[in-house]
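Contents: one structure, followed by commentary.
Numbering (the numbering used here), first residue to last: 67 to 363.
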């Protein structure tokens with residue numbers, strides 16, 4: 067897939083994964099991509115899945131990753147390929163499921179443990195939540211300049227005081243052109259993956275109101291307040307921040323916080339982009355608990 071510009075043939079990196087050979091068969095590896103924009107075969111398949119915007123998104127993502135693993139397996143020696151061909155269909159299917167090579171999507175490396183985290187009863191991994199935020203930013207709301215989705219890793223840096231130079235982090239994100247900022251808050255105290263709970267923090271810049279959506283009885287409210295305290299003077303100097311603990315659907319287990327955070331982010335962003343919305347309308351938000359299963363199954 068490419069877009070031509072003045073019939074210019076130049077070597078380009080894939081817009082999604084940044085590779086210049088990802089997905090190419092050996093015979094085509096020497097070919098140059100055309101124009102300004104190129105998307106490799108692997109990522110094009112993933113984009114096709116994303117663009118459908120259906121509830122089985124992550125189930126299809128899992129299937130896509132399995133397919134990628136079997137495709138790359140073919141690059142091994144002819145001897146291994148011959149051995150594979152002699153396997154029974156049952157053995158081949160088992161091998162496909164177990165052989166998942168990390169795939170780079172939106173500059174995020176999706177690993178086997180990330181895929182497993184989508185299974186029922188598991189905590190959704192930091193990487194999957196980061197992938198969801200990138201999906202919202204790059205595809206669902208890519209043409210909407212009013213919303214800023216901040217990556218969880220960046221939010222962690224802002225929260226934990228690793229730097230007080232917020233302009234260095236936020237200005238490249240065009241924060242002053244936004245109306246709303248979305249952040250996934252984690253209770254981890256360190257600059258690393260981990261923590262036990264996720265929640266969503268939404269800032270309406272003009273109104274200077276922070277809305278905190280927590281599916282576990284405001285377990286993360288203290289973390290959210292700490293983050294707001296650090297950012298407030300930069301985002302709205304001299305003003306007193308108003309933090310609203312929004313009423314929202316509560317999880318009935320100890321593992322669905324990530325799923326609720328992802329669902330809240332997508333649905334509340336959709337609500338805020340409607341022409342007839344009022345900001346106060348998001349101080350309460352409830353979803354059917356069955357929706358969380360659509361992210362996993």
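Glycine included, each C-beta is placed from N, C-alpha and C at the ideal position.
- With the rule of 3 Cβ pairs closer than 8 Å, the stretch 265-281 counts as touching the stretch 291-309.
- The DSSP-derived three-state label of residue 201 is helix.
- With a cutoff of 9 Å on beta-carbon distance, residue 243 and residue 217 are scored as not near each other.
- Here residue 267 is near residue 279, since their CB atoms are less than 9 Å apart.
- When secondary structure is reduced to three states using DSSP, residue 242 falls in the helix class.
- Residue 248 is classed as buried because its beta carbon has at least 16 other beta carbons within 10 Å across all chains shown.
- Check the Cα spacing between residue 220 and each of 202, 239, 207: the tightest is with 239.
- With a 10 Å radius around the Cβ and a threshold of 16 neighbouring Cβ atoms, residue 192 comes out buried.
- Annotation: residue 208 is outside any alpha helix (DSSP H) and is labelled neither H nor E by DSSP.
- Fully contained in the stretch 239-318 are the following beta strand (DSSP E) runs of length 3 or more, in chain order: 246-252, 264-270, 275-279, 308-311.
- Relative to the Cα of residue 271, the nearest Cα in the group 294, 287, 289 belongs to 294.
- Counting other Cβ atoms within 10 Å of its Cβ, residue 331 reaches 16 or more and is therefore classed as buried.
- Where residue 183 is concerned, there is no enclosing alpha helix (DSSP H), because DSSP gives it neither an H nor an E.
- Annotated as distal: residue 289 and residue 322, with beta-carbon spacing of 9 Å or more.
- A Cβ-Cβ distance of about 19 Å is found for the pair residue 355 and residue 348, leaving them out of contact under the 8 Å criterion.
- About 6 Å separates the beta carbon of residue 281 from that of residue 315, a gap short enough to meet the 8 Å contact definition.
- Taking 9 Å as the cut-off, the Cβ atoms of residue 324 and residue 190 count as close.
- By the beta-carbon neighbour count (other beta carbons within 10 angstroms, threshold 16), residue 183 is buried.
- Nearest neighbour of residue 327 by Cα position, chosen from 178, 186, 195, 246, turns out to be 195.
- The residue among 339, 203, 297 with its C-alpha nearest the C-alpha of residue 233 is 297.
- Taking the Cα of residue 329 as reference, the smallest distance to any Cα among 224, 207, 246, 265 is reached at 265.
- Residue 203 and residue 301 have their C-alpha atoms some 21 Å from each other.
- When DSSP states are grouped into helix, strand and coil, residue 352 belongs to the coil group.
- Counting other Cβ atoms within 10 Å of its Cβ, residue 222 reaches 16 or more and is therefore classed as buried.
- The criterion of a C-beta distance shorter than 9 Å is satisfied by residue 319 and residue 187.
- With a threshold of 16 other beta carbon atoms within 10 Å, residue 305 falls short and is exposed.
- Shown here, residue 216 sits in a strand according to DSSP, grouped into three states.
- Counting of Cβ neighbours within 10 angstroms places residue 215 among the buried residues, the total reaching 16 or more.
- The alpha-carbon separation between residue 352 and residue 299 amounts to approximately 31 Å.
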